[in-house]
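Participant:
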Amino acid sequence: MTPETLEGTPVELDAEGFFLRPEQWTRDMADAIARENGIAELTDRHWTVIDFMRTTYLDTGSAPSIRSLGKLSGVPIKELYGLFPKGPAKLAAKIAGIPKPRGCI
Amino acid sequence: MAETLEQPLAAATVRPETIEKVSIVVSKGSLEGIYPGLIMANGARMEGIEANVFFTFFGLDAIRRGRQAKIKVATVGNPGMHVPTWLGAIPGMSAIATKMMQRQMEKLDIPPIREFVELISDSGAGLYACKASVDMFKLTEQDFVDQVDGVMTVGEFYALAGGGEIIFT
Numbered sequence: 001m002t003p004e005t006l007e008g009t010p011v012e013l014d015a016e017g018f019f020l021r022p023e024q025w026t027r028d029m030a031d032a033i034a035r036e037n038g039i040a041e042l043t044d045r046h047w048t049v050i051d052f053m054r055t056t057y058l059d060t061g062s063a064p065s066i067r068s069l070g071k072l073s074g075v076p077i078k079e080l081y082g083l084f085p086k087g088p089a090k091l092a093a094k095i096a097g098i099p100k101p102r103g104c105i
Numbered sequence: 106m107a108e109t110l111e112q113p114l115a116a117a118t119v120r121p122e123t124i125e126k127v128s129i130v131v132s133k134g135s136l137e138g139i140y141p142g143l144i145m146a147n148g149a150r151m152e153g154i155e156a157n158v159f160f161t162f163f164g165l166d167a168i169r170r171g172r173q174a175k176i177k178v179a180t181v182g183n184p185g186m187h188v189p190t191w192l193g194a195i196p197g198m199s200a201i202a203t204k205m206m207q208r209q210m211e212k213l214d215i216p217p218i219r220e221f222v223e224l225i226s227d228s229g230a231g232l233y234a235c236k237a238s239v240d241m242f243k244l245t246e247q248d249f250v251d252q253v254d255g256v257m258t259v260g261e262f263y264a265l266a267g268g269g270e271i272i273f274t
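Read top to bottom, the protein sequences are chains A and B. Under our numbering, the first residue of the first sequence is numbered 1, with each subsequent residue one higher. Under our numbering, the first residue of the second sequence is numbered 106, with each subsequent residue one higher.
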């Protein structure tokens, strides 16, 4: 657990930078996390994915698989990898302020 | 002696290098022979790792038109099935075991082979058929699904795999 400050607010992150307490996340923090992970600017398409990640996590208690992300978020797999080149499912989860996805798919 | 010992100890304290590229060889045509390679390839891409998959021998069925949906669990000669060979050989056993496994995989959001190959291709991984196997089975590029990037010799595969890890499943 690494206590850090994002946008002036203290947050609890794991060793890899994933939120341990999603309720501490605010939308303003997303841009800072994205920039830190090599995404210069979050577009509406990024936000479609981020919102889907977060909603799914808050509804079901786990992050969506890359398969359901591609099928249900409205953003196809190819585009997902374009938006989040370093691994869409995990990077979107990090930016969305939810714990690291544990699935293999 | 002290000198040789020092190196690995020092190395152990440093964080190991991260994997940046993998090439996965799929050589078996059963469900349990194909899925591990596909899961490893997809998992690599999910981590932002460059991935290539090389289908050889019966592994070619994973990328053959009309064959993808017919891939079954091997119920004979498979100790993992935990059933006697004679039982596994009863007609329909393989189909039943395959159905059960597919149902379980669907629950875990693991796609059927055809969809999985599409997903892996869309993720930016390269998919290649082994030339020796293609020739042996008298196949042409037309026998493979559109996601296949080409037919490749072993030498070309090694050139492509350069600088990364190779996994044989």
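Backbone N, C-alpha and C fix where the C-beta goes; we use that ideal spot for every residue, glycine too.
Who are the near neighbours of B:M106 in its chain, counting only those whose CB is closer than 7 Å to its CB and skipping five residues on each side?
Facilitator: Translated into the one-based positions of the second sequence, residue 106 of chain B becomes position 1. Only weak support is given to the placement of B:M106: the predicted model assigns it a pLDDT of 48, under 50, and the value that follows is read from those uncertain coordinates. Cβ within range, chain order: n/a, list empty.
Participant: Nearest-angstrom Cα distance between A:I98 and A:T55?
Facilitator: The residue given as residue 98 of chain A occupies position 98 in the first sequence. The residue given as residue 55 of chain A occupies position 55 in the first sequence. Looking at the two C-alpha atoms, the distance is approximately 10 Å.
Participant: As an exercise, report each continuous alpha helix (DSSP H) stretch of at least 4 residues that is fully enclosed by the stretch 180-215 of chain B, in chain order.
Facilitator: Here the runs fully enclosed are 190-193 and 198-212.
Participant: Throw me the rounded Cβ distance for the B:I124 and B:I154 pair, which I believe falls under 8 Å.
Facilitator: Position 19 of the second sequence, counting from 1, holds the residue named residue 124 of chain B. Position 49 of the second sequence, counting from 1, holds the residue named residue 154 of chain B. Sure, about 6 Å apart at Cβ, within 8 Å.
Participant: Is A:T37 helix, strand or coil when you go by DSSP?
Facilitator: Your numbering for residue 37 of chain A matches position 37 in the first sequence. According to the sequence as given, residue 37 of chain A is Asn; it is not Thr. Coil at A:N37, not helix or strand.
Participant: Please classify B:R169 as buried or exposed, where buried requires at least 16 other C-beta atoms within 10 Å of its C-beta.
Facilitator: The count along the second sequence starts at 1 and reaches residue 169 of chain B at position 64. Flag for B:R169 reads buried.
Participant: How do the stretch 133-149 of chain B and the stretch 259-274 of chain B stand: do at least 3 beta-carbon pairs fall below 8 Å, yes or no?
Facilitator: The answer is yes - the stretch 259-274 of chain B touches the stretch 133-149 of chain B, with three or more Cβ pairs under 8 Å.
Participant: Quick check on the burial criterion: 16 or more other C-beta atoms within 10 angstroms. Buried or exposed for B:M241?
Facilitator: For the purposes of this step, residue 241 of chain B is taken as the residue at position 136 of the second sequence. Result: exposed.
Participant: Can you list the residues of chain A that B:N147 reaches, using a CB-CB cut of under 8 Å?
Facilitator: If you number the second sequence from 1, residue 147 of chain B lands on position 42. Near B:N147 (Cβ distances below 8 Å), the residues of chain A are I66 and I105.
Participant: So, B:N157 versus B:A266, is the Cβ gap smaller than 8 Å?
Facilitator: Numbered from its first residue, the second sequence carries residue 157 of chain B at position 52. Numbered from its first residue, the second sequence carries residue 266 of chain B at position 161. Taking 8 Å as the Cβ cut-off, B:N157 and B:A266 qualify as a contacting pair.
Participant: Can you find the residues in the same chain that come closer than 6 Å, C-beta to C-beta, to A:F52, ignoring five residues on each side of it along the sequence?
Facilitator: As a position in the first sequence, residue 52 of chain A is number 52, starting the count at 1. Once the five neighbours on either side are set aside, the close Cβ partners of A:F52 are S73.
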